[in-house]
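Single-structure report; data block below.
Chains as they are written, first to last, in my numbering: chain A, 1 to 248; chain B, 249 to 459.
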């Protein structure tokens with residue numbers, strides 16, 4: 001197994017942000033089971049380019065995200081590809097709890113009384129990290145909620161599935177662009193747990209293998225091939241195009 | 249849920265037909281009701297809402313569907329903001345279901361969805377980009393142009409996590425009505441998309457009425 005370039009266990013209910021380089025991978029492990037990772041992507045060269053959940057979902061005709069799916073920017077490019085996933089169904093439409101909702105659901109846990117065991121909301125966490133890059137609530141787009149499964153019935157009613165949680169569940173994102181990653185480990189808004197779930201997530205940064213013509217994510221949907229071609233245009237890669245075909 | 253309106257078009261204080269490929273931008277005062285009317289049927293009206301007194305507060309698809317526990321919008325749905333405040337309520341709906349997962353078309357996403365050669369076909373986001381630059385007084389920019397509602401669009405989610413784009417369930421004369429719970433800026437792109445069934449491959453005008 002490859003030695004990570006860097007690794008860190010992010011405690012539950014915390015937030016972090018960092019830059020991922022094109023050609024590196026981010027492997028996340030739900031250490032205990034039941035974690036949630038809220039995540040957003042921005043292009044550090046033009047932060048107005050950001051992860052776009054609707055484009056990612058409609059482009060790949062999916063409501064859930066799993067291995068093979070690419071995470072698109074609003075400019076028709078791929079920030080990251082899901083190259084490994086032992087969890088199987090990640091949410092990207094439920095957003096975050098707001099601070100008032102955390103207080104109502106779990107009780108007030110201020111820093112004054114609990115120091116770093118305070119109860120943070122996903123919304124607060126994102127706002128805190130975004131400000132470090134000059135970004136505000138205007139820049140807060142629909143985020144990923146990794147390790148949280150939300151399904152629907154025929155009438156569109158949404159269900160959070162706690163049985164999907166698995167200790168050791170792992171998802172690996174391969175970055176196809178330079179990417180500012182903003183993340184938190186605060187509870188998913190539909191998690192029915194009555195105690196604030198503080199679930200750690202192990203984060204490993206790795207060097208990724210180069211993308212080849214037979215790459216699983218590249219070929220998972222014809223749309224992905226065209227989005228990779230847009231990445232090639234962005235970087236003006238000298239490498240040959242993967243020659244994506246139009247959908248008839 | 250199908251719910252007819254009791255409001256009469258002849259009593260409306262404002263009426264405007266919006267051709268496909270154009271945008272509509274107007275402030276709705278708290279308590280006013282806006283109707284979006286699908287004149288010829290199967291037309292997608294891609295819509296964003298902003299707090300007219302503070303444009304950093306805007307319609308949030310995530311907050312709206314999470315708080316109602318359902319991914320579809322219809323009569324009774326309260327549209328919520330990114331601060332989780334109620335912005336508008338859907339008070340009448342003769343279509344029965346509207347999408348807020350699929351987002352708007354953009355020239356960039358058209359290259360991904362359809363063909364790299366379709367880069368220069370008109371798209372909703374371009375209408376919005378022009379709207380914010382032609383109306384700087386609204387204080388809006390690209391970062392405010394985000395996850396919208398697709399009125400009259402049918403995007404069913406399947407139990408196994410698929411997302412499908414189906415023929416519109418709308419028809420000529422179908423409408424949706426919303427009551428503003430705060431002073432609200434309405435920004436509509438009447439969708440010019442030619443490549444999928446959301447407009448029946450034939451974009452047509454809508455009418456906006458306000459009482």
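For each residue, glycine too, the CB sits at the ideal point set by N, CA and C.
Provide the residue(s) that pair with residue i in DSSP beta bridges, ordered along the chain.
i: residue 177 of chain A; result: Beta-bridge pairing links residue 177 of chain A to no other residue.
i: residue 460 of chain B; result: Residue 460 of chain B is absent from the model: chain B starts at 249 and stops at 459.
i: residue 202 of chain A; result: A/9, A/29
i: residue 151 of chain A; result: A/159
i: residue 15 of chain A; result: A/184
i: residue 20 of chain A; result: A/179
i: residue 295 of chain B; result: B/397, B/436
i: residue 306 of chain B; result: B/298
i: residue 82 of chain A; result: A/173
i: residue 41 of chain A; result: A/181
i: residue 70 of chain A; result: A/81
i: residue 50 of chain A; result: A/42
i: residue 425 of chain B; result: B/283, B/340
i: residue 380 of chain B; result: None; residue 380 of chain B has no bridge partner.
Can you tell me whether DSSP reads residue i as helix, strand or coil?
i: residue 225 of chain A; result: helix
i: residue 268 of chain B; result: coil
i: residue 217 of chain A; result: helix
i: residue 341 of chain B; result: strand
i: residue 188 of chain A; result: coil
i: residue 250 of chain A; result: What the structure shows of chain A is the stretch from 1 to 248, and residue 250 of chain A is not part of that stretch, so it cannot be assessed.
i: residue 195 of chain A; result: coil
i: residue 325 of chain B; result: coil
i: residue 99 of chain A; result: helix
i: residue 140 of chain A; result: coil
i: residue 111 of chain A; result: helix
i: residue 233 of chain A; result: helix
i: residue 331 of chain B; result: coil
i: residue 62 of chain A; result: strand
i: residue 251 of chain B; result: strand
i: residue 374 of chain B; result: helix
i: residue 211 of chain A; result: coil
i: residue 403 of chain B; result: coil
Excluding sequence positions up to five away, which residues of its chain have a Cβ less than 6 Å from the Cβ of residue i?
i: residue 97 of chain A; result: 121, 122, 189
i: residue 289 of chain B; result: 418, 419, 420
i: residue 268 of chain A; result: An answer regarding residue 268 of chain A cannot be provided, because it is not within the stretch 1 to 248 covered by chain A.
i: residue 23 of chain A; result: 208
i: residue 426 of chain B; result: 282, 336, 338
i: residue 166 of chain A; result: 33
i: residue 313 of chain B; result: 319
i: residue 164 of chain A; result: 149
For residue i, count neighbouring Cβ atoms within 10 angstroms of its own Cβ and tell me buried if that reaches 16, exposed if not.
i: residue 249 of chain B; result: exposed
i: residue 241 of chain A; result: exposed
i: residue 368 of chain B; result: exposed
i: residue 29 of chain A; result: buried
i: residue 346 of chain B; result: buried
i: residue 59 of chain A; result: buried
i: residue 239 of chain A; result: exposed
i: residue 111 of chain A; result: exposed
i: residue 157 of chain A; result: exposed
i: residue 35 of chain A; result: buried
i: residue 115 of chain A; result: exposed
i: residue 265 of chain B; result: exposed
i: residue 407 of chain B; result: exposed
i: residue 254 of chain B; result: exposed
i: residue 450 of chain B; result: exposed
i: residue 301 of chain B; result: exposed
i: residue 267 of chain B; result: exposed
i: residue 87 of chain A; result: buried
i: residue 291 of chain B; result: buried
i: residue 2 of chain A; result: exposed
i: residue 441 of chain B; result: buried
i: residue 107 of chain A; result: exposed
i: residue 350 of chain B; result: buried
i: residue 210 of chain A; result: exposed
i: residue 307 of chain B; result: buried
i: residue 197 of chain A; result: buried
i: residue 404 of chain B; result: buried
i: residue 154 of chain A; result: exposed
If I measure Cβ to Cβ from residue i and keep anything under 7 Å in the same chain, skipping five residues before and after, which residues do I get?
i: residue 343 of chain B; result: 400, 417, 418, 422, 424
i: residue 192 of chain A; result: 160, 162
i: residue 260 of chain B; result: 457, 458, 459
i: residue 51 of chain A; result: 40, 41, 71, 73, 79, 141
i: residue 437 of chain B; result: 271, 294, 352, 372, 375, 376
To which residues of the same chain is residue i closer than 8 Å at the C-beta, ignoring the five residues directly before and after it?
i: residue 213 of chain A; result: 242
i: residue 61 of chain A; result: 221
Touch check for the stretch 128-135 of chain A and the stretch 224-236 of chain A: three-plus C-beta pairs under 8 Å? no
Contact between the stretch 69-83 of chain A and the stretch 95-114 of chain A (3+ Cβ pairs under 8 Å): no
Flag this pair as touching only if the stretch 426-436 of chain B and the stretch 273-280 of chain B have three or more C-beta atom pairs under 8 Å; answer yes or no. yes
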